[in-house]
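**Q** Here you go, one structure.
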Amino acid sequence: MPTVQHTVVDSPYDALTLVAVDGVLSRVHMTDQRHRPAEDTFGSPDPRPFAEAIRQLDAYFAGELTEFELPLRLIGTPFQLRVWEQLRLIPYGETRTYGELAEALGNPGASRAVGLANGKNPVSLIVPCHRVIGVGGSLTGYGGGLDRKKRLLAFESGREDTLF
C-alpha cells in the first residue's frame, strides 16, 4: 500500500495542497479547484517530502524560477500523460492553444480531448496548464478559475494586467 502525505502552503493565488505518493509529488491542488479530490485522499499531514517542491514554488512566485525540476508521480491515462508532457514544454511567459497542443501530439483533431486532459492535470502550476488558451487568445477553462489563470498569465508575462 503506498504512503500518501500532504501539506498546505500559502501562495499569492491562495493556499496550495501538495500531495506525495511514496515521497514523490503527485498532486498540487488550489482551493476550490475543479476536479479537486476529497480531502480524505490526501493522506497524513507531513511537510517532510515537500521541501524541494516548496523551495521551487517560492522561487517561482518570487520571479526567480521559470521551469520546475521536480520528480513527479503522475497518474493518468496514456493520452493524459502525453498531454501533460506537452504542457511542460510550453515556455514560461508563453501560451499555446488546445489545437496547437493537439497538432504537437500528432492528432490535430483532438483539441477537445486535449482540453479534457488539460483540465485533469493533477499538478497545476508545476505542469503549467494555465498556459493553454483558446483560439484567438481567449481565456477558456482552468480548474483553478479564470481569474487565477488571468493572474498567472499576467505574472508570467511581467505585466500587471493582460489583454485577455
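The sequence shown begins at 156 in the numbering used here and counts up one residue at a time.
C-beta: ideal position from N, C-alpha, C; glycine also.
1) With DSSP collapsed to three states, give me the class of Pro192.
2) Between Gln235 and Ala208, which are expected to be in contact by the criterion C-beta below 8 Å, what is the C-beta distance as a whole number of angstroms?
3) Output the distance between the C-alpha atoms of Asp169 and Thr186, rounded to the nearest integer angstrom.
4) Are the region 186 to 197 and the region 296 to 311 touching by the rule of at least three beta carbon pairs closer than 8 Å?
5) Kindly indicate which residue of Glu222, Gly261, Gly300 has the alpha-carbon position closest to the one of Pro283.
6) Assess, as a yes-or-no matter, whether the region 171 to 180 is touched by the region 199 to 213 under the definition of 3 or more beta carbon pairs within less than 8 Å.
7) Taking 7 Å as the limit between beta carbons, can you name the residues of its chain near Glu311, skipping five residues before and five after?
8) Apart from the five residues just before and just after Arg314, which ones in its own chain have a Cβ nearer than 8 Å to its Cβ?
9) Could you pull out every unbroken beta strand (DSSP E) segment of at least 3 residues lying fully inside the region 156 to 194, listed in chain order?
10) Can the beta-carbon of Ser279 be found closer than 7 Å to that of Val183?
**A** Inspection of the coordinates gives the following:
1) Here residue 192 refers to the residue found at position 37 of the sequence shown. Note: Pro192 maps to coil in three-state DSSP.
2) Your numbering for residue 235 matches position 80 in the sequence shown. Your numbering for residue 208 matches position 53 in the sequence shown. About 21 Å separates the two Cβ atoms, so there is no contact after all.
3) Position 14 of the sequence shown holds residue 169. Position 31 of the sequence shown holds residue 186. Rounded to the nearest angstrom, the two C-alpha atoms are 7 Å apart.
4) yes
5) Here the question's residue 283 lines up with position 128 in the sequence shown. For Pro283, the nearest C-alpha among the options comes from Glu222.
6) yes
7) For this step, residue 311 is matched to residue 156 along the sequence shown. Answer for Glu311: Tyr247, Gly248, listed in chain order.
8) Sequence index remark: in the sequence shown, residue 314 carries index 159 (1-based). Nothing listed; no residue qualifies.
9) 159 to 164, 171 to 176, 179 to 185
10) For the purposes of this step, residue 279 is taken as the residue at position 124 of the sequence shown. For the purposes of this step, residue 183 is taken as the residue at position 28 of the sequence shown. Yes, they are a contact pair.
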